[in-house]
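*Asks:*
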Amino acid sequence: MKAKAFLIFLLAGFKVCAICSEGSNHRQDNHIVIKENAIVFYTLSNAEYDKLILKHPDWEQGIIECTSDFLSYAHRIAALLNNSGISTRFESIVEVWFEYANGTMEKKSFKPEELYGLAMFAKNKAPVIRSDFDANLQPMVEVISKYFELNIRF
4 MKAKAFLIFL
14 LAGFKVCAIC
24 SEGSNHRQDN
34 HIVIKENAIV
44 FYTLSNAEYD
54 KLILKHPDWE
64 QGIIECTSDF
74 LSYAHRIAAL
84 LNNSGISTRF
94 ESIVEVWFEY
104 ANGTMEKKSF
114 KPEELYGLAM
124 FAKNKAPVIR
134 SDFDANLQPM
144 VEVISKYFEL
154 NIRF
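Numbering (our numbering), first residue to last: 4 to 157.
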């Protein structure tokens, strides 16, 4: 129980620390809309976390450690992207909608058992959701740098 309280506290803290500009992304109930030149660092929702722990109680400590690492590195990366023109946000989400400049919407989903990931949308590129990387600084920087064609230095 203490572990779950810590995770909830950690997630809430990062949401407060990294709110993006109002025009770039917005939340609606169980999904988030992401406009061009934005990245969302996402984690499991509390409901999905609870379901996963009920199914695999022995995973709890690993989930907490992995999510904590991801959020810690994601926060550092968000700070590095501060002046890049890419808005950042932290969310626990179920569904993602990418909104193109012309107003067209595209829905993408992730698997509930994915603990964390990146929803990225660059101008003139197809939006992507990635969760196939380690929750460490270097792999995360590589994924983001490659997609946005940036040279992120840390």
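Even glycine gets a Cβ: it sits at the ideal position worked out from N, Cα and C.
For Gly88, does the count of other Cβ atoms within 10 angstroms reach 16, so buried, or fall short, so exposed?
*Replies:* exposed
*Asks:* Going by DSSP, what residue range makes up the alpha helix (DSSP H) through Ser75?
*Replies:* 63-83
*Asks:* So Val144 packs on Ile132, CB below 8 Å; how close in whole Å?
*Replies:* Actually they are not in contact, since the Cβ atoms of Val144 and Ile132 sit about 18 Å apart, beyond 8 Å.
*Asks:* Spatial neighbours of Ala77 within its chain, please: CB distance less than 6 Å, with the 5 preceding and 5 following residues excluded, ordered by chain position.
*Replies:* Phe44
*Asks:* Check Ser48 in the structure and name its three-state DSSP category.
*Replies:* Secondary structure at Ser48: coil, using DSSP grouped into helix, strand and coil.
*Asks:* Got a sec, what are the start and stop residues for the beta strand (DSSP E) Ile132 sits in?
*Replies:* 131-133
*Asks:* Does the contact criterion of 3 or more C-beta pairs under 8 Å hold for the region 111-123 versus the region 61-74?
*Replies:* yes
*Asks:* What does the Cβ neighbour count give for Leu47, buried or exposed, with the cut at 16 atoms within 10 Å?
*Replies:* buried
*Asks:* Determine the contact status of His34 and Glu98, defining contact as a CB-CB distance below 8 Å.
*Replies:* yes
*Asks:* Starting from Glu145 and walking both ways along the alpha helix (DSSP H), at which residues does that stretch end?
*Replies:* 140-151
*Asks:* Tell me which residues share the same chain as Asn105 and place their Cβ nearer than 7 Å to its Cβ, disregarding the 5 neighbours each side in the sequence.
*Replies:* none
*Asks:* Look at the Cβ atom of Phe136, then the Cβ atom of Phe101, and state whether they are nearer than 8 Å.
*Replies:* no
*Asks:* DSSP three-state label for Glu57, please.
*Replies:* It should be pointed out that residue 57 corresponds to Leu in this sequence rather than to Glu. It is helical.
*Asks:* Let me confirm a value: Ala129 is counted as buried when at least 16 other C-beta atoms fall within 10 Å, else exposed. Which label applies?
*Replies:* exposed
*Asks:* Alpha carbon to alpha carbon, what distance is there between Tyr52 and Ile66?
*Replies:* 9 Å
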